[in-house]
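Take a look at the structure set out below.
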Amino acid sequence: MSEHQLPPRPILKWAGGKNALIPQYAPHFPSGEAYRRYFEPFLGGAALFFFLQPERSFLFDLNEALIEVYTTIRDDVEGVITALEAHQNNRDYFYMVRALDPLALPPAERAARFIFLNRTCYNGLYRVNRRGQFNVPFGRYKNPTICDKAGLRAASRVLRNAHLEVADFAIVLSLAEPGDLIYFDPPYEPLSPTSSFTSYTSSGFARDDQRRLAETYRALDSRGCLLMLSNSSAPLIYDLYSGFYIHEISARRAINSKADGRGPITELLITNFCPGDAPAQA
Ligand SMILES: C[S@@+](CC[C@H](N)C(=O)[O-])C[C@H]1O[C@@H](n2cnc3c(N)ncnc32)[C@H](O)[C@@H]1O
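If you count by this note's numbering, then the sequence shown holds residues 11 to 292, one letter each, in order.
If you want it as structure tokens, here you go:
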């Protein structure tokens, strides 16, 4: 298979990445002809976007550095590849690159630095200190893929018509129209007070945000949009989305869950339609 035919895969490791769940999600996807445009307001690793490869898409995240990486891959993938090829996987080099001020670098080098740190840091985590400096330690991988040229070029092709913007998820209310497909993958509501992993950005994602999101979902449902949303199986989530289709999905535990109880846990995929049906009314 030539490089040009490779299906794109996520180019970043991201907490909550959905690549492994796609086989379980697939029966619930609408067919490509069933929706007009695709919206993904909690983009992260963008697993669904890369799987669905929509023609027209609107992608958002609050993480500015992340959105800039995708924008640069879309607009200058060869520049990113050239800059990435210069990187190496060793501890001292990692800390030297981590200490660089990203704003002092040109965009392609800044994107390459982000990808390099993501592929070589501990667990692919993204965490910044109060001054906004990336502070995840070296990951000690033997042979991480730092520069996946074919993957980056495939990602760039899928991104070519994408609108990318740093924004809160509520922006979809001002853009989405009937027949658009919107996939929400927010930071999850913790199952218990100790299992919270919500610090994707310095702002976190609180219970009020979960409520605000459910209101957004209901408003878009009334508008005639096709909706999919992932979340934990916390009681609050069953309550907030009662009346919609709630599918239980078997998933591996989140990155920082305790070592005990490594078995699968139940997560939810909530849709307002069944493939082939008209949207459900809540
Ligand atoms: C669970 S991750 C998304 C994972 C992604 N779907 C994947 O497959 O890799 C959640 C994302 O939401 C972003 N986020 C957090 N709060 C947000 C908000 N209020 N509006 C938009 N994005 C937000 C975080 O920066 C993070 O990238």
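Each residue gets a CB set at the ideal place from its N, CA and C atoms; glycine is no exception.
| request: Within its chain, find whatever has a CB closer than 8 Å to the CB of Asn171; leave out the 5 residues flanking it on each side and keep chain order. | output: Glu65, Arg66, Ser67
| message | Can you give me the C-alpha to C-alpha distance between Ala25 and Gly234, rounded to a whole angstrom? | response | 31 Å
| query | Closest to Asn73 by CA distance: which of Leu230, Gly253, Pro197, Ile247 is it? | reply | Pro197
| request: Just tell me which of Glu199, Ala56, Pro20, Phe283 has its CA closest to the CA of Leu250. | output: Glu199
| said: One question on the structure: do Pro285 and Phe179 come within less than 8 Å of each other, judged by their Cβ atoms? | reply: no
| query | Considering only the beta carbon of each residue, do Arg19 and Gly161 sit closer than 8 Å? | reply | yes
| message | By the three-class DSSP mapping on this structure, what secondary structure does Lys23 have? | response | coil
| query | Mind checking Ser212: buried by the 16 CB within 10 Å criterion, or exposed? | reply | Residue placement at Ser212 is poorly supported in this model, since its pLDDT is 40, which falls under 50; the coordinates still yield a value, given next. Burial call: exposed.
| By Cβ distance, which residues of its chain are closer than 6 Å to Ala165, with the 5 residues on each side in sequence left out? | Pro18, Ile21, Ile83
| query | With Leu3 and Leu191 assumed to form a contact (beta carbons below 8 Å), what rounded beta-carbon distance in angstroms separates them? | reply | As displayed, the chain neither begins before 11 nor continues past 292, which places residue 3 out of reach and without an answer.
| message | Taking 6 Å as the limit between beta carbons, can you name the residues of its chain near Asn29, skipping five residues before and five after? | response | Pro20, Ala57
| query | Where does Asp71 land, buried or exposed, given buried means 16+ other C-beta within 10 angstroms? | reply | buried
| Considering Leu250, what are the terminal residues of the beta strand (DSSP E) in which it resides? | From DSSP, Leu250 is part of no beta strand (DSSP E) but of the alpha helix (DSSP H) over 245-250.
| Less than 7 Å between the CB of Leu72 and some heavy atom of ligand 1, yes or no? | yes
| query | Would you report the Cα separation of Tyr48 and Leu185, rounded to the nearest angstrom? | reply | 11 Å
| query | For Ser67, which of helix, strand or coil comes out of DSSP? | reply | strand
| query | Closest by CA to His257, which one among Pro245, Thr92, Glu277? | reply | Glu277
| Same chain, Cβ closer than 7 Å to Cys157, neighbours up to 5 away in sequence not counted | Ile91, Leu94, Glu95
| query | Of all the options Ser41, Asn128, Phe104, which has the alpha carbon lying nearest to the alpha carbon of Ala75? | reply | Asn128
| query | Skipping 5 residues on each side, what residues in its chain have a beta carbon closer than 7 Å to that of Arg123? | reply | Val107, Leu110, Pro112, Leu115
| message | For ligand 1, is there any heavy atom lying closer than 7 Å to the beta carbon of Pro51? | response | yes
| Does DSSP classify Asn241 as helix, strand or coil? | strand
| message | ligand 1 and Phe215: does the residue's C-beta get closer than 7 Å to at least one heavy atom of that ligand? | response | yes
| message | What I want to know is whether the C-beta of Gly54 ends up closer than 7 Å to one or more non-hydrogen atoms of ligand 1. | response | yes
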